[in-house]
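So for the sequence shown, my numbering puts the first residue at 928; every next one is plus one. Right, one structure below, let's go through it.
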Amino acid sequence: MPTTTDQKLLERLDELKRPKDARGRALLRGALARAARLDFADAASLIRLHEILLFLRAYPQSPALLRQTEKILSTFKRRVDKLGAGAPEELFELTEPEISGIAGTSFSAVFSYDITRWLAARHAARVEVDWEGYEGGSKLAAVLPRLVPLLEEEAYVENSYPFAAILRAAKGAGRSELAWLLRGFERLDVPDPERAALYDSLAIAVLWTLGDTKATRTHARLRARKIFYHDAPFLSRRDVSLAREVEGASHLTVEKLSRAEGQKLLDLGRDVMAVRYRELHGFTHGDARTVRRADAGRGVEIFFWGVPSARRLPTLAYHAAAIFKNGVPCGYAEALTLFERAEVGLNIFYTFRDGESAWVYSRVMQLFRQTLGVRVFSVEPYQLGFKNEEGVGSGAFWFYRKLGFRPVVARLDELAAREERRIAAREGYRTNARTLRQLAEGHVIFEAPSASRGDWDDFHIRNLTLAVARMMSRQHDGDAEKARRAALARVSSALAVKAARWTDDERRALENFSLLLALVPDLSRWTDDEKKAVVNIIRAKAGADELGYLRLLQKHRRLRREFIRLGSKR
C-alpha cells in the first residue's frame, strides 16, 4: 500500500505538472527534490511517479526542471530493482500497455512474425521465447515437423510431447530458441505471406527484458533540435480551431530525411510501439525512403512515411506518423486516404493526454491536409468508443465533436444535439456511458471549409469490398481467381492497357483496380484523356511514394464520382 507521504507528494506533483507561474515552478522544484530523496514503497506509486516525470520531460517548464526530471528518471532501474528485491512479482506482472516499458522491467507479449524478427535482430540478447503457460502444443505439432526431422513420429500421435526440450536440443549451443525458430522459418520454401501466417498461427510469446536501455519508455528519446519550455498555461481545446489549422493558417515546414535517417526513426518508432504492446502496419512495414519530418511548433515534431509497394493497400494510400514532444514520443497516427477523404486515427499516449492534445491533433490534421491533400477527415466508431471502453471512459466522442466533427448518421446527430442542449442547460451535467456508447455507433466526419459537404457521408471502404464480393458471387460462382481474370481482361480492353512491360507491383495495382473498374458500366465510353489519367493513377500506385498517386487521384473527378457511388451503396 502507498504511504501517506508518498501519496501526498504524488498528488502535489500531479497538481504542479501543469504550468502556472514562477511560484508554481519553484514549488515544483521543491516537490521534485523530495521525490528524488524518497524510495517509493509500492509499485503503483513508483509507476505514478514515472508517468508524472515523463509528462514533465515532454512538457518542461524550465531548463532546470528538465534537468531535474531527467536525473530522477535516470534512477528508475535502481528503484525498480530495489522494489523488486522485496516484492519480485508486484511490478513485473503489470501488463497494461499504458504502463509497460519502464526501465528495469520485463514483459511477455505475442508479436507478429515481422516484429519478432526485428526484435531478435535489434535486441538479440534481451528477447527469448516465453514458454510459461503456452497452450499451443497442438499448433506446434502441425508446424515443427517442417523444422525438426522425424518429429512426426511423436508430434502427430502424442497429445503431449516435450516440444521445449526438442527445441533446446535442436538449437544447439550459442543460439537462442527464438533465433533458431526464426532461422528455420526463414529457410522454409514458401511465399513470404504464408511464412508469416504460419509463424503467427503459433502465437508464441516473446519475453523482453528491457534493462536500462533506450528502448524503454523511461529513456526513449529523439534528439530535439530545440526545447520548448512551458512557462505559461497550456493551450486548451477552446484555443484550437481545426478549420483554421487545416486550411493552412500557418504552413508547416516539411523536410525529407535520408534513407539512413529514416531507418533510425523507424527503428525508434518500432521500439516505441512494441514496448506498449502495439503493432501498426506502417510501423511494422514502414519505408525508410519516404520518411519526412514536420516542425509543428511548441516542441512538437511529426514524422510521417508510407510503405513499400508490396505492402500497399489496393486503393487506399497509407501513411503512418510518429509524434514527438521535445524529443519524447507522445503518440502516433495513421491516414488511409482516397481522393480528398482520409480515415484518420490518432492516439496520444495515456501519459500525455493532460497536455495540449487538441492542439497536437490539429497540427497532425494540418500536416495531412498540406501533404496528402486531405479535406475530409473521417473517424471510425472504434476511436469514439464503439466496443472500446477506454474511448467511452475518456469521452472521446466529445473530443472530436468539440473540434467540429459531426455524426453522419441522422439519429446520432440528433442525439448529439440533444446532449449539447442538456450540457448548456445544466451546470455540471455529464453524458453518461450508455449515451456515449450510442454516440459511438457511427463514424464522424470533419470537412474543411473548402470541401463539398455531405459527399462522403454514406461512403465506407467496406462497401467497395462488398460490391466486388457480390459481383464475384453473381458472375463467377464465388471464385476469386476467375473474378480477377475476368475483371483484368475487361478493364485492360476498355483502357487499351498493354501491361507486358509493367513491373510486378504495377500489374498487381492494375489487378486490384480492375476489380472496381469492372463495376463501372460505361468505362469503355470514357474519353481518351480520362482513360489515360486512370492508367497513370494505377501505375503511380506502385510508384516510389504514394504522394504522387494521391495527387493524380485527386484530379480525376469522374473516377471520384464512381468510387463514391460504389462505396455508398448499402
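Cβ coordinates follow ideal geometry from the N, Cα and C atoms, glycine included.
Sequence-distant residues of the same chain with beta carbon closer than 6 Å to residue i, five excluded per side
i       : result
Ala1097 : Val1075
His1483 : Ala1460
Val1336 : Gly1369
Ala1036 : Tyr1204
Ala1436 : Ile1465, Lys1468 and Ala1469
Glu1025 : Tyr1277
Ala1423 : none
Gly1196 : Phe1210 and Ala1249
Pro987  : Leu993 and Tyr1156
Lys1496 : Asn1390
Thr1298 : none
Ile1154 : Asn1253
Thr1217 : Trp1232, Gly1233 and Asp1472
Ser1236 : Asp1432 and Ala1469
Contact belief for residue i with residue j at Cβ below 8 Å, rounded distance in angstroms
i       : j       : result
Asp948  : Ile979  : Wrong, their Cβ atoms sit about 19 Å apart, outside the cutoff.
Arg1302 : Ala1223 : The pair is not a contact, with the Cβ atoms about 19 Å apart (cut-off 8 Å).
Leu1273 : Gly1258 : 7 Å
Leu1243 : Thr1264 : 6 Å
Gln1481 : Gly1300 : 5 Å
Met1292 : Glu1473 : At roughly 18 Å, the Cβ-Cβ gap does not stay under 8 Å, so Met1292 and Glu1473 are not in contact.
Val1202 : Gly1028 : 3 Å
Phe1304 : Val1271 : 5 Å
Gly1213 : Lys1252 : Rounded, the Cβ-Cβ distance is 21 Å, inconsistent with contact.
Gly1031 : Lys998  : Their Cβ separation, rounded to whole angstroms, is 16 Å, which puts Gly1031 and Lys998 out of contact at 8 Å.
Val1056 : Glu1104 : 5 Å
Trp1529 : Arg1485 : Residue numbering for the chain in the displayed model covers 928 to 1497; residue 1529 lies beyond these limits and cannot be assessed.
Start-to-end residues for the beta strand (DSSP E) that takes in residue i
i       : result
Ile1228 : Looking at the sequence provided, one finds Glu at residue 1228 rather than Ile. Start and end: Val1227 to Trp1232.
Ile1275 : Arg1268 to Ile1275
Lys1482 : It is not in any beta strand (DSSP E) - Lys1482 carries neither H nor E in the DSSP assignment.
Lys1496 : That residue, Lys1496, is in no beta strand (DSSP E); it is neither H nor E in DSSP.
Ser1305 : Val1303 to Val1306
Thr1136 : Ala1132 to Thr1136
Ala1221 : Arg1219 to Gly1224
Beta-carbon gap between residue i and residue j smaller than 8 Å
i       : j       : result
Glu1228 : Ala1248 : no
Val1306 : Phe1279 : no
Thr1002 : Ala968  : no
Arg1006 : Leu983  : no
Thr1211 : Ser1065 : no
Val1054 : Leu1129 : no
Glu1283 : Leu1169 : no
Phe1324 : Ala1378 : no
Gln995  : Arg961  : no
Thr1180 : Ser1033 : no
Leu1443 : Leu1479 : no
Thr1145 : Leu1342 : no
Val1117 : Leu1046 : no
Glu1174 : Ile1042 : no
Ala1414 : Ala1394 : no
Asp1382 : Ile1491 : yes
Pro1072 : Glu1079 : yes
Val1447 : Glu1489 : yes
Cβ shell of residue i (< 8 Å), same chain only, five flanking positions each side left out
i       : result
Ala958  : Leu936, Arg939, Leu940 and Leu943
Leu1330 : Arg1164, Val1167, Leu1169, Ala1285, Tyr1288, Ser1289 and Phe1373
Ala1426 : Ser1419, Glu1433, Arg1434 and Leu1437
Ala901  : Residue coverage of the chain in this structure runs from 928 to 1497, which leaves residue 901 outside it and unanswerable.
Residues of its chain near residue i, where Cβ-Cβ distance is below 7 Å and the 5 sequence neighbours each way are ignored
i       : result
Lys1183 : Arg1219
Asn1315 : Tyr1309
Gly951  : Leu943
Gly1111 : Leu1074
Glu1409 : Reading the sequence as shown, one finds Lys at residue 1409 and not Glu. His1403, listed in sequence order.
Lys1009 : Asp966
Ala1142 : His1050, Asp1198 and Val1202
Asp1127 : Ser1039 and Tyr1040
Endpoints, the alpha helix (DSSP H) within which residue i is located
i       : result
Lys935  : Thr931 to Leu943
Thr1264 : It is not in any alpha helix (DSSP H) - Thr1264 instead sits in the beta strand (DSSP E) that spans Val1255 to Leu1265.
His1403 : Ile1388 to His1403
Phe1251 : No alpha helix (DSSP H) contains Phe1251, which is instead part of the beta strand (DSSP E) from Ala1244 to Lys1252.
Tyr1204 : Segment: none, Tyr1204 is in no alpha helix (DSSP H) and carries neither H nor E.
Ala1460 : Asp1455 to Lys1468
Glu1438 : Asp1431 to Leu1444
Glu1408 : Ala1407 to Leu1422
Thr1298 : Ser1284 to Leu1299
Gly957  : Ala949 to Arg964
Residue-chain proximity (residue i, chain D), Cβ-Cβ < 8 Å
i       : result
Asp1194 : This model lacks chain D altogether; it includes just one protein chain.
**Message:** What ranges does the alpha helix (DSSP H) occupy inside the segment 1139-1195, keeping only unbroken runs of at least 4 residues that lie completely in it?
**Reply:** DSSP runs (the alpha helix (DSSP H)) wholly in the segment 1139-1195: 1169-1173.
**Request:** Scan the segment 1052-1118 and note each continuous beta strand (DSSP E) run of 3 residues or more that stays entirely inside, going in chain order.
**Result:** 1054-1057
**Request:** At 3 residues or longer, and completely inside the segment 968-1045: list those beta strand (DSSP E) runs for me, N to C.
**Result:** 1033-1037
**Request:** Return the chain-ordered ranges of every beta strand (DSSP E) run that is complete within the segment 1317-1385 and spans a minimum of 3 residues.
**Result:** 1371-1374
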